[in-house]
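Below is one structure, written out as structure tokens, with a few remarks after it.
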Amino acid sequence: MTAATTLPQFPWLSLLIGLPLAGALLCLLHRRSRQECRWLALATTLATLAICIGLFVACRHGDGPWLLREDAAWIPRFGIRYTLGLDGLSLLLTLLTAGLHVVAVLLAWPEQRRLPQFLALLLVLESGLMGVFLAVDLVLFYLFWEVMLLPMLFLIGIWGGENRRRAAVRFFLYTLAGSLAMLVAMIALYLLHGAQSGSYSFALADLLQTRLPLTQEYLLFGGFMLAFAIKAPLVPFHTWQPDALSEAPANGAVDVTGLLLKTGIYGMIRFAFPLFPNATRDALPLLAALALVGLFHAAWSAYRQDDVKRILAYSSISHLGLVLLGLAAWNTTAWQGSVLLMVTHGIVTGALFAVVAMLRSRTGTRNLNELGGLWGAAPQLSACFLFFALASLGLPGLANFAGEILVLLGTFRSQPLWALLALPGLVFTAAYLLRLVQGTLWGPAPAARAAIPDLTVREWLVLLPLIVLTVWLGLAPAPLLAPLAAVGGLP
Amino acid sequence: MTMLDLLALAPVLVLVMGASTLLMVGAWHHEPRPLIAGGIAVALVAAATAGMTPPGGAEIAGLFSSAPFARYFAILWALTAALILMLSLRYAGERAFAAGEYVALILFSAAGMALLSGATSLVGLFLSLESFTLALYILVSFHRNSDIGAEAGLKYLVLGAVATGFMAFGIALIYAASGTFHLPEALAGLQTGGQLRPWGLLGWGLLLVALGFKISLVPFHLWTPDVYQGAPAPVTALLATGSKGAVGAALVMVLGSAAGAWQELVPLLWLLALATMLVGSLCALPQENLKRLLAYSSLVHMGYLLTALLPGSPEGYGAVVFYLTVYAVASLGAFGVLTSLSDPRGEPQDLAAWRGLGYRYPLRALVLTACLLSLAGMPLTGGFIGKFALFSAAIKGGFTGLAVIAIFASLISFAYYLRVVMVLYSSDDPRELHSGTPLEHAVLLVCVTAVLLTGLYPGPLLDLTAALVP
Amino acid sequence: MIVPFAHVLIFAAILFVMGLGCVLARRNLIMILIGVEIMLNAAAVALVGGSAHWRQVDGQVFVVFLMAMTSAEVAISLAMVVYLRRRRGTLEADKFDGLRG
Amino acid sequence: MNQTLLFLIPLLPLACAVANMLFGMRLPRLFAETLAVCGVAASFLLTVLFWSYADGDGTRAVLGTWLAAGEATIPFALQFDALSAPMTLMVTGVATLIHLYAVGYMHEEEDYARFFGLLNLFVFAMLAIVLADNLLVLFLGWEGVGLCSYGLIGFWYQKTGNARAGTKAFLVTRVGDVFLAAALLWLFALTGTLSIGAINAQAAGFAPAVLTGLTVLLLLGACGKSAQLPLMTWLADAMAGPTPVSALIHAATMVTAGVYLLCRLFPLVSLSPAGMAAIAVVGAVTALYAATCALAQREIKRVLAYSTMSQVGYMFLAVGAGSVAGAMAHLLTHAFFKAALFMAAGCIIHLAGDENDILRMGGLARRGPRQLFLVFLAGALCLAGAPLTGGFFSKDAILLAAYTQGTPLFLLLWGAGLLTALLTALYTFRLVYLVFAGEPRGYSHLHDLPQLMRWPLWPLALLGLLGGLLNLPALVGGGEWLRHRLGALAGREIAATHGTEWALAGLATGLVLLGWGAARWRYARFRGEWDNPGSRFLLHGWGADAAVDLLVVRPFTAIAGLCALGIDRALVDATLDGLARQTTACGERLRRLTSGHVSTYLAGFIWGFLIILGWFLLALVR
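Chains as they are written, first to last, in our numbering: chain A, 213 to 703; chain B, 3 to 472; chain C, 866 to 966; chain D, 36 to 657.
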């Protein structure tokens, strides 16, 4: 372990993975008492968040590519090791994961059906996500990558909406198809590396040394990218995502679902790009094209949805298009902007989903045609909704804008045309988000609607930190971006 | 036959003698519980014997190996028999099985499987295979009040007998062509030219048909779902684990004993593997009956095994042995859950009966979920590591295309296994089934522990299986 | 040996095919089982022929095993025949088609 | 004093806005209103206090870093100089008065906290535009004013139309923002900084084509906010908002942001003759277009909205003609008199019982309060450019600037300006006559007018009338104060003989009189309004909305439908579902092989055997 400056020696990273898992087990064991489970889950997520924040404070100025590392033998026969690593990138994403899970647990508070199991699955998901963001051994990564699908499958399949089983199985199989392609590529890379160097290993650091002929690099890159593109999701592999997001249970699970999408981008940054530099270099225009297509296609599609959650789902795809564009532009400003946008999008969209959940629980519908006039009934809720919608459409001073403008500034410097092509997205994003706001907040209230209570204290507890974060990251994202500078393997 | 040979045969002898004793005791005592308990004890003793006695050096009578490889499988099948007997305790009692015969037959078949896993000559192969097949003929239709049991027994018998015919004639032709029953030399005869080579090839083809029947390769697979469905659940478990596994082990022995000798067979096996995986996957997709689903999926698993056998590399063999183990454990778990949910009214084979079971019987639903996911190859379970080993061996051996198809098949397998899992957790209004005995729960826990352990910490077992292979 | 080895094998093969033909053509369980017996006997012929050709005793030993195995199988088969006959009143193999799909 | 204190000017309204939004409904009403007014008034006083900071090159203040990633480092920074200081003064001053007016205007409104919160937030955002030292801070304000405009236009959200008007305003201006953003990105790529000063300093080094491109982008960006052709359709609909909003945002401040932007970047813009011409053309054409539209409007606020559009067009013309001083002078006087006009219009609407239609008014000169008539008349005279009013001088300066450019194009534009002047006088006096002359036509009795709605009008009307003093030309003995104050930022020197100037002034006077005469002839006594295709064409703004609907909205909706339903549902989803169905169907077919008949199974055996046999035969042959 290359421990950082002030941190006591301890397997902190394993703790990040193990703590939620332990919480999940405890939840299952205490499933008789709902109240206990709630507090247990909240305590677990808060503790995890505290550790993440602690790591951020303690390690953010570490030197070298890895701020923290853990390494142990696991399956020596295949050269698979239990290697976890924390760098600036994973630091941000673990923070986001931990934070959003606190939100999710708070949102799950009023869940009626099988609450302990629900919370346990949320915690397992957190554990899996932590693993994905921390693993630097390919097989270990793959393991977490697959394992996090399971809790999601159950969350959607058991607690989801009307089409839950279809959405859940489809989500699972779709992403799995990509993962298996990655698995093949992974094994192939492992074998090629072994044949080349004589030592068989799945460690990222070792595999980075592999030199491949270009054709092979393309193929393997394609295998990896298929998995990540489906997860991200890039058009045309995206149709599972609106289904999954709109069917995912409103109470807590859905904003975490957003995190799954980040794993796709993360995978590209951490594995696909560094492992196959030449293929990446050649594929950048293609990636940019896909990013732009995704940006527009999703924005346009969002405009024609009537289900609020589907609009938000498409908006996620659209935003991730911009993230990907920033990566494809391949310069520091755009890249850091992409990461920032990824984080802020997680916060903002997560918050939007949370607000929609609150909305849904009050009005019983997510259909734009049946909503409207909410401001008169619940001004606080409406204000929060408007706030996050504005943040999502990139209002300067709020979180998303900081990332977006960095992406655009950076992209324009290296690829002016791409940035120019992306710009109309500003209008289209505004178009569907304002349609969303128009349909929910403004206009006359539906005649049949009963009185709606405004936000409760618990709901404020959920939203207030997100509001603060949204403003904070919009105005001063620099501290968050600082640890990114040392991340290796990128521009 | 020397003392040393006897010692080397000790585990099998324990099984056989125990079985004979129980058979005789059963003639006077009809109480099932002590008989089955005795059977469990015999199986456990046999496993312990196999673990404790030193592996013999030479082959026993030129027929069977007593190398660590054979010992490993002797332990495995003895333990499987013990677990199956534990699962049968209530099941057999409720159905008024003739306990003495039942126990004896299971132990006999375990002995046959143990022998088959170490067969080094065609004679040994034939004898051991037939010995447990005969036992299974009876076991499949053991439930005398079951129509589907009778039908399954008939089908297994007819097809098995035909397969025996193929096998015997195949062995005869091989012998005629090569002049030996001993596997390495007989295989070597395949390569050398000469007038008799066509006969030899024909013999190998016939043998392949018989073995293909046993591990249900397409197109010799048609009996599988019917027999799985009709046989009593514990017997199905034995069929799925021991019968297939032992033949799989025998294949490793056969193919491993003369690497390179069977290069001519590779394209054929390739084709068989492909067809088996595709047909199995596609047929399993629309199944509404759990046993049939598992039957068709067993085809796919055998396809995976062939995929890794084809390169003829030690890695491949090691992977096959590892996979056979985790496959056996997971299948045992799945059929175990089915057994423990069965009551005197019958087995809840239809998926419709499983709706919402996860909430009523959470432990067993979890076990079933874990086992099915292991069969599907979900990470964290042994199935993933097993598949990983299989596919990397196949890719390393140059069979990337087949490996990709196998991976595609496992994608489809997720679809049908997950369907079961989703059914388990789908409804809020589960049916009432048997609540299971503590012993059954214990067996299931053993299975699930093994499934997870092999997934989380597979290193030792991987090393062991790698060291076993020839 | 008086007869050329190939002739023995060809004879055995013909026998085998006849047995197989019987298995395929007949639907009656007993006839199918008889066909199997013929196939097994073809194997025995080939084994004895091989034994003579290679001047070894192994083949003949195997024939002994084979006969023992066959008799066990016949015993089981007959028990099955009786059981099925009593249970379903028919020995037409294709009548048993409750399990399918 | 510390320079950082300059940040108090924008931040005070922001603080009040946040306070009002968060706690406004919990506070006593009076407190919330006082907070809102005081926040703006305080920044007005601060601006006066800090006036000297604008001397010379002005003062730059930095609060901290906003963004820092890679090569991009962008601070929060303000620039308080000769250009921004008067603008700040105008914004805060006018805003203070309008806030006071709004307290009266909104005294029956329940949701006052949201209103004042947004209004204060608007002031903050506008000040961010005005004071911004770099383009990103400017962009922050730029988007911020758009947001507040959106929120305030749709303030009475229960009526779907109001909220839709807000959305429309946001979206159309956002189209402009895209161009501004493009310019911003390009400038960053060229210079590596977004500081306005640095960009202006480096502009001379850019290639001519780049300059023209940048200018056009900036122009299009400015067009969005300033409702110039082709992005003008939103302004008339924006009148759905409360009148103080129309006065503040859609007359005095936000719509002039585009002009201000071009003035701010004038050193860059002026380097491109083609760009300058484009600006002038857009300005002149919009001025003429909006004036014609104003002729036929029936709602009082829409007349004023089109007149605003037209007047902002003049300002663009001024910038295009190189006269920043002229543009700024017109901007300031226009802010005063147009705010006064709007507020008076609000009073009129209120008096007439929420009656908006001028055809149903009339007779207010005698029946209504005298002072209201006087204020409105003052504003109208300014708008029409009656001699010696502020509007006269500032408009004259613009026309002079266009004329002195001398090129045929500018002469043409000058002609358009003259024509616009005539039309302006015509529609202004049409408005005056229809509202004030004759007998009441629609309303029965007059409502009460709160005190707070009366007196804030006076200062603005007076400022409008006396606005000429800001930049009084030397011709009449003035010192051209604003031009000297602006110094290097003032743009081109306007060189013209006194004779020319007199001639032009005379011409303008004549046009005003002509317009007045025509209006008097037609509207002094009410004879009903024309209703013919021509007037309907003008009423609907030359059918611009229909054209946008046809050319933009419908294709967009169609494409969106294609994406959502066509590609996603019909193509991708259907393909996947079809694949899944086919797979299952295959499985069903293969399942049927397991027929249950032993004979089939045996046949399977034999087929398999034959295949294997065939294979071996093949192997043998080889």
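Note that CB positions come from ideal geometry on N, CA and C, so glycine has one too.
| Item | Value |
| --- | --- |
| Buried versus exposed call for Val348(A) [16 or more other C-beta atoms within 10 Å across all chains shown] | buried |
| Leu271(B) beta carbon less than 7 Å from that of Leu308(B) | yes |
| Contact the segment 181–196 of chain D vs the segment 653–666 of chain A: 3+ CB pairs below 8 Å | yes |
| Min CB distance Pro677(A) to chain D below 7 Å | no |
| Cβ neighbour criterion (16 or more within 10 Å) applied to Phe416(B) | buried |
| Cross-strand partners of Arg293(A) (DSSP beta bridge) | Ala285(A) |
| Local conformation of Gln453(A) per DSSP, three classes | helix |
| 8 Å contact criterion, which Ala326(D) and Leu458(D) should meet: CB distance rounded | 4 Å |
| Length-filtered (4 minimum) alpha helix (DSSP H) runs lying within the segment 873–950 of chain C | 894–919 |
| Proximal residues of chain A, C-beta to C-beta of Leu382(B) below 9 Å | Leu355, Glu358, Val359 and Leu362 |
| Nearest to Ala541(A) (by Cα), restricted to the options Leu499(A), Arg377(A) and Gly576(A) | Leu499(A) |
| Proximity test, Cβ basis, 7 Å: Val256(B) and chain D | no |
| Chain B contact for Ile287(A) (CB, 7 Å cutoff) | yes |
| Residue from Leu135(D), Tyr349(D) and Gly550(D) whose Cα sits closest to the Cα of Asp431(D) | Tyr349(D) |
| Short CB-CB distance (under 7 Å) between Glu145(D) and chain B | no |
| Residues of the segment 533–547 of chain A whose Cβ lies closer than 7 Å to any Cβ of chain D, in chain order | Asn543, Thr544 and Thr545 |
| CA nearest to the CA of Trp101(D), picked from Asp90(D), Val72(D) and Leu229(D) | Leu229(D) |
| Inter-residue Cα distance where the pair is His9(D) and Phe471(D) | Outside the displayed span of chain D (36 to 657) sits residue 9(D), for which this structure offers no information. |
| Minimum length 4: unbroken alpha helix (DSSP H) runs contained in the segment 233–279 of chain A | 246–271 |
| Any C-beta of chain D under 7 Å from that of Gly207(B) | yes |
| Neighbouring residues, chain D, relative to Gln196(A) (Cβ below 8 Å) | It is not possible to answer for residue 196(A), since the shown part of chain A is limited to 213 through 703. |
| Contact with chain D by Leu681(A), beta-carbon distance below 7 Å | no |
| Residues that Val633(D) contacts on chain B, provided the C-beta gap is smaller than 8 Å | Leu156, Lys157, Val160 and Leu161 |
| Below-7 Å beta-carbon distance, Leu648(D) vs any chain B residue | yes |
| CB of Ser530(A) within 7 Å of CB of Leu507(A), strictly | yes |
| Residue-chain proximity (Arg965(C), chain D), Cβ-Cβ < 7 Å | yes |
| Beta-carbon neighbours of Leu220(D), restricted to chain A and to distances below 7 Å | Leu620, Leu621, Phe624 and Ala631 |
| Endpoints, the alpha helix (DSSP H) within which Arg154(A) is located | What the structure shows of chain A is the stretch from 213 to 703, and residue 154(A) is not part of that stretch, so it cannot be assessed. |
| Strand pairing of Ser358(D), partner residues [DSSP] | Gly526(D) |
| Residues of its chain near Met289(D), where Cβ-Cβ distance is below 7 Å and the 5 sequence neighbours each way are ignored | Met161, Val180, Ser184 and Lys260 |
| Segment contact, 8 Å Cβ cut-off, at least three pairs: the segment 106–114 of chain D with the segment 161–174 of chain D | yes |
| Beta-bridge pairing of Ala315(D) - partner residues as DSSP gives them | Partner(s): none; Ala315(D) has no beta bridge. |
| Asp392(D) (DSSP reduced to helix, strand or coil) | strand |
| Run of the alpha helix (DSSP H) containing Arg95(D), from where it starts to where it stops | From DSSP, Arg95(D) is part of no alpha helix (DSSP H) but of the beta strand (DSSP E) over Thr94 to Ala104. |
| The segment 881–901 of chain C touching the segment 371–385 of chain B, judged by at least three CB pairs closer than 8 Å | no |
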